[in-house]
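Reviewing the structure listed below.
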Amino acid sequence: MAVLIDQVWAMTLANLKSRYRNTASGFLWVILNPLILYGVQSYIFRTVLNIRIQDYSLFLLSGLLPWIFINQSLEMSASILVNSGKLLKSYPINPIVCLLAQIIDNTINFLAGFLLIFAFTILFAPVPIGRLAILPVPVLLLFVSIFSLSWLLATVQVFFRDTRFLLTFVLNISFFLTPIFYPPELIPAEHRWLLALNPFNHIIAPFRAVVHPASEIPLLPSLVASATLAFGLFLVASYFWRKTRNAVFFNL
Amino acid sequence: MPSSLTSNSAASAPILEVRDLSLTFKANVHRHWTWRDWFVGMTGKRSLTSLQAGDPLKVLKSVSFSVNPGERVGILGVNGTGKTSLCRCIAGVYRPSSGQIRLQGQVRAIFDTSIGIYPELTGRENARLLAKFMYPGMNKEHEEMVREALEFSGLGEFIDVPYRLYSNGMQARLCLSMISCRPGNLLILDEVFDGADLFFREKISGRIHSLIEKSTAALFVSHSPDQIKRVCSRVLILHQGRVAHDGDVADGLTTYRELNRHKP
Chain R
1291 MAVLIDQVWA MTLANLKSRY RNTASGFLWV ILNPLILYGV QSYIFRTVLN
1341 IRIQDYSLFL LSGLLPWIFI NQSLEMSASI LVNSGKLLKS YPINPIVCLL
1391 AQIIDNTINF LAGFLLIFAF TILFAPVPIG RLAILPVPVL LLFVSIFSLS
1441 WLLATVQVFF RDTRFLLTFV LNISFFLTPI FYPPELIPAE HRWLLALNPF
1491 NHIIAPFRAV VHPASEIPLL PSLVASATLA FGLFLVASYF WRKTRNAVFF
1541 NL
Chain G
24 MPSSLTSNSA ASAPILEVRD LSLTFKANVH RHWTWRDWFV GMTGKRSLTS
74 LQAGDPLKVL KSVSFSVNPG ERVGILGVNG TGKTSLCRCI AGVYRPSSGQ
124 IRLQGQVRAI FDTSIGIYPE LTGRENARLL AKFMYPGMNK EHEEMVREAL
174 EFSGLGEFID VPYRLYSNGM QARLCLSMIS CRPGNLLILD EVFDGADLFF
224 REKISGRIHS LIEKSTAALF VSHSPDQIKR VCSRVLILHQ GRVAHDGDVA
274 DGLTTYRELN RHKP
């Protein structure tokens, strides 16, 4: 286990190094995307479309930043086994190490962007300190869910080489079906069952419960639903990996 | 568990024992599918069950052999006879369908020398990462290993140049220098000399011979009978997933030629 952690950390650092090119501006470049996306969407929905939600900056932050992390991580990880095929077949590298390094790298970028905007936003819309202490829990659940989903998708991509394109399509639809920039109350009551089936909604809800108290999302049930999803996805991904491991290497 | 990997420190026992090893891939795994194909199949006449169609692909069939300390065993066979699959089973990449692999200590395997872990990073940075994966749990020695391997590689000022700019030969120099910088219990080299130039091949052969002398054994996979003759003390001929010969190199090469005489 210690060896695995050591290898994951070494690969994460190499990932960061290759992405940031050892410069502060490299790091800034990576987090510019979420910052700009947040700024533009905040302006469009609050000012142009006139969506009226108390503390909309916090509302959008708690939905959009986790969504950007989900989107980027799944898109980047789906092809990781296929793209690293030659590498994985040449050296004794556990594929999970590559996958974990990629997700940790994205988590660092996500946390940097999230905390940067949060620190600025909180000046205008204070959040109870007690709630903030719980923030690491939704972050952990987000990490486990997205790691598991990435693991599953990366494995499926080996057998169905257009999974990544299908994923982009599903993510584009999911952005509109998930209450990221609008509150769930805007969805007609007869269609709200869709939310229960939407995994991204369960992953994002605990963030909203912690960061945007005005949403009045019950914290504990949202954490339980998110934890159940994360655990379930992990079980499915690890079972599928165990069943297909040889076939994956054979098809790489 | 169909296979087991055990470890003990008895010096006189074989380093590697392979017993009745078989490797079979399930029916549909050697097909390339896309969701589009699947959708067209579902909406057309083919059903979902066609995904399970096809015969199992038997790559290795009841392979048995053992390797003793100090032995250099060559593995020879035409393409598709299961040489690389056998080595990947021993290295722990593939899980055998049945049979046993008993290994004393650690196996160090390399299957391709033309690839860096991070092509954008320099040769030195890639060497540091390779040390983590090739020599796990030896963190204190990694810096010394990297320094020594880079010096041996003779890459000079190219050490701090991005790996993606290396020629195949330069990449082979770096990888082979890294894999041979510490003796292991079992070294697996799968057609890895091919990328290196003649002079470095001579240099690395000497270094690997010296590693084997330090109570290490090695498995060499090669298509070159000359190379097998030069490097190996024993040869294993694989034919259609089975061991066709295990023993003397000269006899093995005769068997190899006999088996493949009628092939184009």
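Those sequence lines, one after another, are chains R and G.
Residue 1449 in the working numbering sits at position 159 of the first sequence, with consecutive numbering throughout.
Residue 206 in the working numbering sits at position 183 of the second sequence, with consecutive numbering throughout.
Glycine included, every Cβ here is placed at the ideal spot set by N, Cα and C.
For clarity, every value in this text was computed on a predicted model and none was experimentally measured.
Presumed contact (8 Å Cβ cut-off) between residue i and residue j, rounded CB distance
| i | j | result |
| --- | --- | --- |
| A132(G) | I211(G) | 4 Å |
| V1387(R) | L1294(R) | 7 Å |
| S1352(R) | R1482(R) | No, S1352(R) and R1482(R) are not in contact; Cβ-Cβ is about 19 Å, not under 8 Å. |
| P1356(R) | I1477(R) | The Cβ separation is near 19 Å, so there is no contact. |
| G270(G) | K84(G) | Not really, about 19 Å apart at Cβ, beyond 8 Å. |
| R42(G) | Q123(G) | 4 Å |
| F48(G) | V82(G) | 7 Å |
| S1308(R) | Y141(G) | 5 Å |
| F1539(R) | V116(G) | 6 Å |
Residue i - DSSP class collapsed to helix/strand/coil
| i | result |
| --- | --- |
| D135(G) | coil |
| H165(G) | helix |
| G270(G) | strand |
| F1466(R) | helix |
| S1440(R) | helix |
| H53(G) | Legend: pLDDT at H53(G) = 48, less than 50; position of this residue unreliable, no value from coordinates given. |
| T1534(R) | helix |
| L45(G) | The question names Leu, but residue 45(G) is Ser in the sequence shown. Strand at S45(G). |
| G103(G) | coil |
| V1417(R) | coil |
| H1492(R) | helix |
| S247(G) | coil |
| I202(G) | helix |
| T239(G) | coil |
| H262(G) | strand |
| G1375(R) | helix |
| R196(G) | helix |
| R125(G) | strand |
| S1528(R) | helix |
| G97(G) | strand |
| L276(G) | helix |
| P1426(R) | helix |
| I1507(R) | coil |
| R257(G) | strand |
| E171(G) | helix |
| S85(G) | strand |
| D213(G) | strand |
Which listed residue (the options) has its alpha carbon closest to that of residue i
| i | options | result |
| --- | --- | --- |
| E1475(R) | I1507(R), P1496(R), L1513(R), S1363(R) | I1507(R) |
| L242(G) | G179(G), D60(G), P92(G), L80(G) | P92(G) |
| L39(G) | G122(G), S89(G), I251(G), I182(G) | S89(G) |
| L1525(R) | S1440(R), P1418(R), L1327(R) | S1440(R) |
| L209(G) | G264(G), Y158(G), T136(G), L144(G) | Y158(G) |
| A1463(R) | Y1333(R), A1292(R), L1350(R), N1361(R) | Rather than Ala, the amino acid found at residue 1463(R) in this sequence is Ile. Taking only the C-alpha atoms, the option nearest I1463(R) is N1361(R). |
| A1314(R) | A1402(R), K1376(R), F1471(R) | A1402(R) |
| R196(G) | R151(G), E167(G), G146(G) | G146(G) |
| D274(G) | R265(G), E225(G), Q263(G), I251(G) | I251(G) |
| L1484(R) | R1309(R), I1436(R), V1434(R), F1466(R) | F1466(R) |
| M1366(R) | Y1472(R), L1390(R), F1471(R) | L1390(R) |
| R224(G) | G160(G), H165(G), G192(G), T107(G) | G192(G) |
| Y1472(R) | G1420(R), P1416(R), Y1346(R) | Y1346(R) |
| Q129(G) | G64(G), F156(G), A150(G) | F156(G) |
Distance CB(residue i)-CB(residue j) smaller than 9 Å
| i | j | result |
| --- | --- | --- |
| P1324(R) | L1354(R) | yes |
| I227(G) | G100(G) | no |
| T57(G) | D1452(R) | yes |
| I1398(R) | L1306(R) | yes |
| L178(G) | G105(G) | no |
| V258(G) | G103(G) | no |
| S1512(R) | F134(G) | no |
| V254(G) | R111(G) | no |
| V1372(R) | A1304(R) | no |
| L1348(R) | H1502(R) | yes |
| L188(G) | I182(G) | no |
| L1318(R) | I1358(R) | no |
| L1406(R) | I1321(R) | yes |
| P1382(R) | A240(G) | no |
| T293(G) | V244(G) | The structure shown does not extend to residue 293(G), since chain G spans only 24 to 287, so no value can be given for it. |
| S256(G) | V266(G) | no |
The ligand ADP heavy atom lying under 8 Å from the CB of residue i
| i | result |
| --- | --- |
| L1487(R) | Ligands are entirely absent from the displayed structure, and the ligand ADP is therefore not among its contents. |
Practice item. Mind checking the stretch 1443 to 1467 of chain R against chain G and listing, in chain order, the residues whose C-beta falls within less than 8 Å of any C-beta there? Key: F1449, F1450, R1451, D1452, T1453, L1456
Check your understanding: At a Cβ cut of 8 Å, what residues of the stretch 152 to 166 of chain G count as close to chain R, listed as they run along the chain?
Key -> L152, L153, K155, F156, M157, P159, G160, N162
Point to revise | Cβ-based contacts, 8 Å cut-off: residues of the stretch 1359 to 1376 of chain R near chain G | key: K1376
Review point. Given a limit of 9 Å on CB to CB distance, which residues of the stretch 81 to 113 of chain G reach chain R?
Key: V82, T107, S108, R111
Review point. At a Cβ cut of 7 Å, what residues of the stretch 1381 to 1393 of chain R count as close to chain G, listed as they run along the chain?
Key: Y1381, P1382, I1383
Practice item. Mind checking the stretch 1522 to 1540 of chain R against chain G and listing, in chain order, the residues whose C-beta falls within less than 7 Å of any C-beta there? Key: R1535, N1536, A1537, F1539, F1540
Exercise for review: Using a Cβ-Cβ cut-off of less than 7 Å, list which residues of the stretch 125 to 146 of chain G approach chain R; keep chain order.
Suggested key: A132, I133, F134, D135, I138, I140, Y141, E143, L144
Exercise for review: Identify each residue in the stretch 1304 to 1330 of chain R for which the Cβ-Cβ distance to at least one residue of chain G is less than 7 Å, and report them in chain order.
Suggested key: A1304, K1307, S1308
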